[in-house]
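These notes concern the structure reproduced below.
Chains as they are written, first to last, in our numbering: chain H, 12 to 638; chain E, 12 to 638.
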């Protein structure tokens, strides 16, 4: 039992074993929550304690953990996020991802901080959580169905439109390694292939309805921050107007818009796919996540010959670039259609886009033929082929069955030098930010426990002038985006730890709170007398857990690399001929290890660093490496 | 020129070369102040940049730096402190010390943050700072005089009773290695022998009168903390009533009261020298430092046959123990007399007491004889001999001339095994806290850049229950005082960095502010958007600078040791037979190095750690070691 009435968190963790249908409630003490907060750190604790290295990520021994954080569900913008983690079937190492929406807050209102899903059901099931009541229900009738249909059917059969659903689509069922998990059918835990883990457990969905108020230690403190945010909404108005793809034009101008599988950094057709163009064409509404006034989410509608339904929302920057410029496509409607297919089938738009772009380059270089593609002219710029291929990946049809394995595995199968076109790290496909123009992100891609993943990093390493976040951490000077110096490594080190804190407490990365404000939110939620120091240490602790997880799986410094293409320049634009200096990057990564207190060969925290992070128990995990 | 009107700090540093009487004003920018804050960190910056390793600490190449911090002089309790530093003539390494009183705040009101004293005057001088006006004045008539007389004479000749004086006594003039520097004749920069550095420069005093208000960024924020403190004064009432020696009885009960040169941890006569006894006998008043309502300072008066004058204040716990129990003396009046002599002659009471106790043990073991002592029966318990010996050390008379070199050098001269009785680390004598009963402090004594120095550590490592300071840094569990585990090392690591921050921003160690409150004080003073993370990094930066300083001077891990006696138990009391486990302590120190990001052989931060601390410029200093 918890020692006191918890505030901010609920104090209850649900453990569901799908093999024997056992449902257990666990109640860690206050110290546990203060040490692990939720999200990445909490998931890291359980995965490290409970998974043996070497297990099959798609077997019953893997565990899938949904975890909110102590900020999830508090009444201020950015608190709608939730995390999920498991051993990744895409990388074979640490996997976690975060999503917004309303599901996480609903889970907390139901009285739960996290759900640990174990084992594997004998037939398709879904979980139904109605406050304290937890049920494993048959999902045979939902299996194979698209996300929108499933959500509606669950709400209908349980007779409550306010039920929130987290679920996989057909892609997860078919163990597509690019499969994702959806909140509210259009907010995605995108990366690491976690949808396939859920599918492997025959778990179609988790439906939640919560009717309890989340107790807060100091609601006034939270209200003050919410009020501050209301006061600066004007500053964020273009974000509201154009969403995440407001940056499209700037990315293109700087030569940082991934184009034709990272062969270029500028795209002729960029103007057709900007957030501004979307607002003027297919946008019909804007949407928000829990407690957020920003409305950065898009709602689009496209009629015949397309069929894009507003309920699936609309494409984000990452999606527009990965299904668009990266595939040489400037048809925004086709991109919206591809996005909808991803949302309906439960796919990671980034992984899918990058894998299709890889296939396009293979096709153009004769490594794939019409025979392979089933007659599709899989060339850059072919929107029709892109839309079709998204569907084929999600359903594992034809060439889609191969590409469903992700770019890395597909390249291995194709052979004949295809690997040079597979833009991945540790098996995870690159997101839509080109490290050639912001090298701090390059360190992040190379060293992220999840591989090439922009959600484990933040972009501030490219800022020349220090922003409020940096200043609040004592960084007085910004650095040129392409500078690769020890000072840049320091900046990266601080920001990556902060990011891992944000992914643990759970907060949207787009909210402009500085760490002191976030500390106020934590205090307002929990009543803990935390400081920014402690928050940073939670982030560092979270990252440490993920690195140990990978080290146990046999990952070493050798796995922290960048695709060779990034060491070469692009063909045109501001970064023409300017690849990342490979030797300098490798040196920066080594500097980072030493700066972070990591063993430079295993790329994992030293025992002393683990002790410093209050992770003494994890020291013995360092010895458990699979051979 | 500073870029903006500074708040909290003045933006001006005074550089005075006594050799050529050159006076310069330097105005570092805001970033410099935010990086170094003042005190230890600021002094570290200048000493590392401007001193060559291997210089004679008592020669003209040494520099003596007085530095306030960004909190010094703000209107709240604890802000009356100031720091001073130089290469130490006692240890041959890093030297710094802090003192309370009013002088630091006065310096800031005069418009100066720090004074760098260089070179050596041809004849005795003092410095007169009246706001912007700075004068080097003749001090021939003051040379050889006691501190009270000097202060009065300066105030008289400059015609202002409100002038504040920082000065050395005759001990500093005579280059006694235990010489200290006084603020207001009774607040001492005690450790490291810095009074001798000032004496070597023929600088008798620095007199200051400031008439400017210190600009503050947010006075309301400071007022709130001051108000909070007013509200908890009741909690501190025994501290007001009995001062620092309120802990005497508890120290004795726990067996932690250094007695007869650390041969014992309990003292029969402890009851005669407690703060309570003082309050009932010789105490006539209490005194405070700048802006402080606590009144922890003692004012005592003792008539014939003693002659203790209230103007010199009264003895602190450290003094009562070092001139009392450590010398086997339970005569509080004699201790007060000894304290007065130290204050009048400008001596470190700790160094003097520990050195006399050393001499007493030598005497009792036949290593010193009446011939050496000039007839004194220099035995434990002989108050008369103690009082006389204090005077002889301060004036370098007879045996005092040898003991004026400190216990380590005296032991080397005496030979014949005398070293076993010299309770010092790096040449600095042990303060009055026995690490056998609080092992965290043992790590601190061993690794402090200044040797055995309790002001470079704090005692909280002995707390079983976490206090507000620990909790605010994310330490959720206290540890038994004698536990020597990696968790204890972590606790030590956090607290030692915090202590070095406190010695940089400059704040009294007795105020119960938690780091978040101190951060509010920093913000209220400076307007900087700092966090506790940044403050901790300032502390770590300060400590790093001192370690590099020592490494340049040839110090290595071998110099981080404890006296052998501490590895043996005491003869009686709770710690009877319980010495520190030597192997465990050595392992803990190694763990600390690695945890702190230090090279374990040179015991100095790695280049990567320096980069992380924004001290990239100092990396090349690592190569400058003298052989």
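Backbone N, C-alpha and C define an ideal beta-carbon position, used for all residues, glycine too. Because the structure is a prediction, the values reported are computed rather than measured.
On the three-state DSSP scale, how would you describe residue 82/H?
-> coil
Contact set for residue 330/E: own chain, Cβ-Cβ below 6 Å, skip 5 residues either direction = 350 and 360
Contacting residues, own chain, Cβ-Cβ under 7 Å from residue 525/E (five flanking each side not counted) | 479, 480 and 483
Could you work out which residue in 186/H, 221/H, 136/H and 215/H is closest to residue 171/H when comparing CA atoms only?
-> 221/H
What three-state label does DSSP hand residue 257/H in the structure shown?
-> helix
Taking the alpha carbon of residue 186/H as the point to measure from, which residue in 632/H, 344/H and 407/H has its own alpha carbon closest?
-> 407/H
C-alpha gap between residue 419/H and residue 404/H, whole angstroms = 15 Å
What's the C-alpha gap between residue 629/H and residue 66/H?
-> 19 Å
Leaving out five residues on either side along the sequence, give the residues of the same chain with a beta carbon under 7 Å from the beta carbon of residue 601/E.
-> 611
Does DSSP put residue 621/E in a helix, a strand or coil?
-> helix
Kindly indicate which three-state DSSP category residue 293/H falls into: helix, strand or coil?
-> coil
What residues match up with residue 149/E in a beta bridge as DSSP calls it?
-> 136/E
Would residue 484/E count as contacting chain H if we go by Cβ distances under 8 Å?
-> yes
Starting from residue 169/H and walking both ways along the alpha helix (DSSP H), at which residues does that stretch end?
-> 158–169
Could you spell out where the alpha helix (DSSP H) holding residue 178/H opens and where it closes?
-> Counting along the chain, residue 178/H falls outside any alpha helix (DSSP H), though it belongs to the beta strand (DSSP E) covering 175–178.
In three-state terms, what does DSSP make of residue 513/E?
-> helix
Please confirm if residue 544/H has its CB atom under 8 Å from at least one CB of chain E.
-> yes
Taking a Cβ distance cut-off of 8 Å, strictly less, list which residues of the segment 488–515 of chain H are near chain E, in chain order.
-> 488, 497, 498, 500, 501 and 504
Taking C-beta pairs closer than 8 Å, name the residues in chain H that residue 622/E reaches, listed in chain order.
-> 497, 498, 500, 501, 602 and 606
For residue 194/H: DSSP bridge partner residues | 177/H and 198/H
Rounded straight-line distance, which links the Cα of residue 201/E to that of residue 280/E | 26 Å
Hey, quick one: how far does the beta strand (DSSP E) through residue 600/H stretch, first residue to last?
-> Run containing residue 600/H: none in the beta strand (DSSP E); it sits in the alpha helix (DSSP H), 593–607.
Could you name the residues of chain H that residue 627/E contacts, counting a contact when the two beta carbons are closer than 7 Å?
-> 497 and 498
Residue 419/H, DSSP secondary structure in three states = helix
Mind listing which residues of the segment 545–572 of chain H have their C-beta closer than 9 Å to chain E's C-betas, in chain order?
-> 545, 546, 547, 548 and 549
Contact set for residue 623/E: own chain, Cβ-Cβ below 6 Å, skip 5 residues either direction = none
Of all the CB atoms in chain H, is at least one closer than 8 Å to the CB of residue 541/E?
-> yes
For residue 335/E versus residue 284/E, is the C-beta distance shorter than 8 Å?
-> yes
Comparing alpha-carbon positions, which option in 108/H, 263/H and 218/H lies nearest residue 583/H?
-> 263/H
How is the alpha helix (DSSP H) around residue 61/E delimited, first residue to last?
-> 50–61
Residue 556/E: which of 44/E, 59/E and 50/E sits nearest, CA to CA?
-> 59/E
Just the Cα atoms here: how many angstroms apart are residue 536/H and residue 123/H?
-> 15 Å
Tell me the DSSP bridge mates of residue 33/H?
-> 28/H
Kindly confirm or deny that the segment 504–519 of chain E and the segment 87–100 of chain E touch, where touching means at least three C-beta pairs closer than 8 Å.
-> yes
On a CA-only basis, which of 306/H, 387/H, 288/H and 378/H is nearest residue 344/H? Give me that one, please.
-> 288/H
Environment of residue 30/H [buried if 16+ CB atoms lie within 10 Å] | exposed
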